[in-house]
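If you read the protein sequences in the order shown, they are chains Z and E.
The first sequence: position 230 = 233 (the numbering used here), numbered continuously.
The second sequence: position 52 = 55 (the numbering used here), numbered continuously.
Every residue gets a Cβ at the ideal spot worked out from N, C-alpha and C, and that includes glycine.
There are 2 protein chains.
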Amino acid sequence: MSTTVRVRLGRKIEDLKKKVLELGAQVEEHVRLAVQAISARDPLMAARVIDGDVEIDQAEVDLEEECLEILALHQPVAIDLRYIVGVMKINNDLERIGDLAVNIAETAVLAASRKHAELPFDYGPMAETARFMLKKSLDSFVNLDEKAAFDVCAQDDEVDYMKHVIHRQFEEKINTPPPRLEALVHLFLVSRHLERIADHATNIAEDVIYMVTGEIHRHRGALDVRETEAEK
Amino acid sequence: MSTTVRVRLGRKIEDLKKKVLELGAQVEEHVRLAVQAISARDPLMAARVIDGDVEIDQAEVDLEEECLEILALHQPVAIDLRYIVGVMKINNDLERIGDLAVNIAETAVLAASRKHAELPFDYGPMAETARFMLKKSLDSFVNLDEKAAFDVCAQDDEVDYMKHVIHRQFEEKINTPPPRLEALVHLFLVSRHLERIADHATNIAEDVIYMVTGEIHRHRGALDVRETEAEK
């Protein structure tokens, strides 16, 4: 590869990085707003997340097209190739996190319609941890920091534990049914959305490990990155 | 690209296609077994799905490594490049469908523990349609058949409708609570897993459309391929 070509590819990659971070920041903000909309019973805040998702969808498509163009025109190899493939996967995870924020925001709309009912679960710590993992996974991407990426993967267990606690609370509450059970179910499902956000953050961290080391770090334990919908 | 190089790449691509189909067949079988395990209350059948998932996970990692190797060594362009990228995404969707089959199988284990309780929902038609979509999306991949792929995308609405019917039944049943509400919730969630299987089949079909036309067909309507966790 000539120096000029390499410089041009380097510039494209810098540009990709910037766009991933912009998308990441937007997605992070959506997660924050969606969770806050539940506790604040604020349907307008929830609507911002729901309506703003089309932008995230469009940004994902644009970013993917850019990656494909770089692959086609610059034919990167070795670490550059891994980088582009990694960006495509991170892009996909960010878009899915955006979808999960929409799901949470939809539950916030439901919660807002019954302002006087007490919230049955405290999502605070779980949401904090999931958002922290997302932020850290994006930091590990910027700095290609393998150690930080491994830390994110390790933290996924914490979120799983928190989800189990909420699951336990759900089992207790459903046996002494409140007046509107359906709302309880939806509010319970928020803990699953948060858990999946943490899973996607873990995926991003794993992609960074792949970018840096060239090794695929998925499925270390059979259950690690499984989408956990019907767990015990 | 010289003729020899092209022949070699062609062979690699044929080999990839074979492996995607093998993985697809295995995933299809897992979906079939998982749904059957619920109605048959057969925990052993469910265990086959749960225990067999490690193989699917490994096959996904192997297939992805093969794609990366081809990208690095053969530097495919145009339709070949789109094909490899498409295979990477289809591979990912198949693995996630495998995870969803595990979730369904886990609910089957729960259902098997209460043999005499009537099943609250009839998943038959929804499961049939989701499996049909998966099969057809894989057929559209083999034949690079754009029309068949579009048909799969269109059929996703049917599955969404069926899920709404089950959701309605769930709302009715939860207001006249059965003795074990938690089981009802889990059994209800099976309809979501099935819906997401159909979503992934739709993703596969969209990847085929991309392979054939070079156009990204996602997010046609803002809600189309959203992961629907908390829908109304």
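Whole angstroms is fine: what's the gap from residue i's alpha carbon to residue j's?
i: Asp65 of chain E; j: Tyr126 of chain Z; result: 38 Å
i: Ala49 of chain E; j: Val80 of chain E; result: 43 Å
i: Val90 of chain E; j: Arg199 of chain E; result: 20 Å
i: Asp148 of chain E; j: Leu84 of chain Z; result: 29 Å
i: Ile59 of chain Z; j: Glu209 of chain E; result: 19 Å
i: Ala186 of chain Z; j: Pro128 of chain Z; result: 21 Å
i: Ala201 of chain Z; j: Arg171 of chain E; result: 30 Å
i: Phe1 of chain E; j: Asp142 of chain E; result: Any property of residue 1 of chain E remains undetermined from this structure, which presents chain E solely from 4 to 235.
i: Asp163 of chain Z; j: Gln78 of chain E; result: 40 Å
i: Lys92 of chain E; j: Glu67 of chain E; result: 9 Å
i: Thr7 of chain E; j: Ser5 of chain Z; result: 25 Å
i: Leu137 of chain E; j: Arg195 of chain Z; result: 25 Å
i: Leu47 of chain E; j: Gln29 of chain E; result: 17 Å
i: Arg9 of chain Z; j: Asn146 of chain E; result: 38 Å
i: Ala157 of chain Z; j: Lys166 of chain Z; result: 16 Å
i: Asn178 of chain E; j: Ile53 of chain Z; result: 29 Å
i: Ile107 of chain Z; j: Asp159 of chain Z; result: 19 Å
i: Lys21 of chain Z; j: Lys21 of chain E; result: 38 Å
Can you check which of these residues, the options, is closest to residue i by C-alpha distance?
i: Glu251 of chain Z; options: Z:Ala43, Z:Glu69, Z:Ile59; result: The structure shown does not extend to residue 251 of chain Z, since chain Z is modelled only from 4 through 235, so no value can be given for it.
i: Glu98 of chain Z; options: Z:Val211, Z:Asn206, Z:Ala186; result: Z:Asn206
i: Ala111 of chain E; options: E:Val188, E:Thr216, E:Leu12, E:Ala75; result: E:Val188
i: Glu31 of chain Z; options: Z:Ala186, Z:Ala75, Z:Lys139; result: Z:Lys139
i: Ser3 of chain Z; options: Z:Glu63, Z:Val193, Z:Arg171; result: A query on residue 3 of chain Z cannot be resolved here, the shown segment of chain Z reaching from 4 to 235 and no further.
i: Leu71 of chain Z; options: E:Ile82, E:Leu76, E:Ala62, E:Ala208; result: E:Ile82
i: Val23 of chain E; options: E:Ile169, E:Glu121, E:Ile107, E:Val211; result: E:Val211
i: Leu76 of chain Z; options: Z:Ile169, Z:His170, Z:Arg11; result: Z:Arg11
i: Phe144 of chain Z; options: Z:Asp60, Z:Gly55, Z:Gly13, Z:Asn94; result: Z:Asn94
i: Val155 of chain E; options: E:Glu67, E:Asp54, E:Ala204, E:Leu19; result: E:Ala204
i: Leu122 of chain Z; options: Z:Lys176, Z:Arg9, Z:Asp56, Z:Met165; result: Z:Lys176
i: Asp56 of chain E; options: E:Glu109, E:Ala157, E:Lys21; result: E:Glu109
i: Val168 of chain E; options: E:Ala120, E:Asp54, E:Phe124, E:Lys21; result: E:Phe124
Excluding the five sequence neighbours on either side, which residues of its own chain have a C-beta within less than 8 Å of the C-beta of residue i, listed in chain order?
i: Ala161 of chain Z; result: The sequence as given places Glu at residue 161 of chain Z; Ala does not occur at that position. Within the same chain, Glu161 of chain Z has close Cβ partners Thr132.
i: Arg44 of chain E; result: Ala111, Ala114, Ala115, Lys118
i: Leu184 of chain E; result: Ile177
Looking only at its own chain, which residues have a Cβ that is under 6 Å from the Cβ of residue i, when we skip the five neighbours before and after it?
i: Ile73 of chain Z; result: Lys15, Ile87
i: Phe191 of chain E; result: Phe173
i: Leu26 of chain Z; result: Ala62, Leu97
i: Leu19 of chain Z; result: Val90
i: Ala120 of chain Z; result: none
Interface residues of chain C around residue i at Cβ under 8 Å?
i: Val8 of chain Z; result: Included in the structure are the protein chains Z and E, with no chain C among them.
Under 7 Å Cβ to Cβ from residue i, same chain only, skipping five residues before and after it: list those, please.
i: Arg134 of chain E; result: Glu31, Val34, Arg35
i: Gly13 of chain Z; result: none
i: Arg51 of chain Z; result: Leu36
i: Ala151 of chain Z; result: Lys139, Asp142, Ser143
i: Ala130 of chain Z; result: Val38, Leu197
i: Thr216 of chain E; result: Glu149
i: Thr231 of chain Z; result: Bear in mind that a pLDDT of 40 at Thr231 of chain Z, under 50, signals an unreliable position, so the model cannot answer this.
Item to complete: Say whether the stretch 100 to 110 of chain E touches the stretch 24 to 42 of chain E, bearing in mind that this needs 3 or more beta-carbon pairs closer than 8 Å, one atom from each stretch.
Response: yes
Worksheet entry | Members of the stretch 66 to 81 of chain Z that neighbour chain E once the beta carbon cut-off is set at 8 Å | Glu67, Glu68, Leu71, Leu74, Ala75, Gln78, Val80, Ala81
Discussion item. If the cut-off is 7 Å on Cβ atoms, which residues from the stretch 88 to 99 of chain Z count as contacting chain E, listed in chain order?
Written reply: Val88, Arg99
Worksheet entry | Members of the stretch 16 to 34 of chain E near chain Z, C-beta cut-off 9 Å | none
Worksheet item: Got a sec: which bits of the stretch 157 to 174 of chain E sit with their beta carbon under 9 Å from any beta carbon on chain Z, in order along the chain?
Response: Phe173, Glu174
Practice prompt. Closer than 7 Å, Cβ to Cβ, to anything on chain E: give me those residues from the stretch 200 to 220 of chain Z, in chain order.
Written response: Ile219
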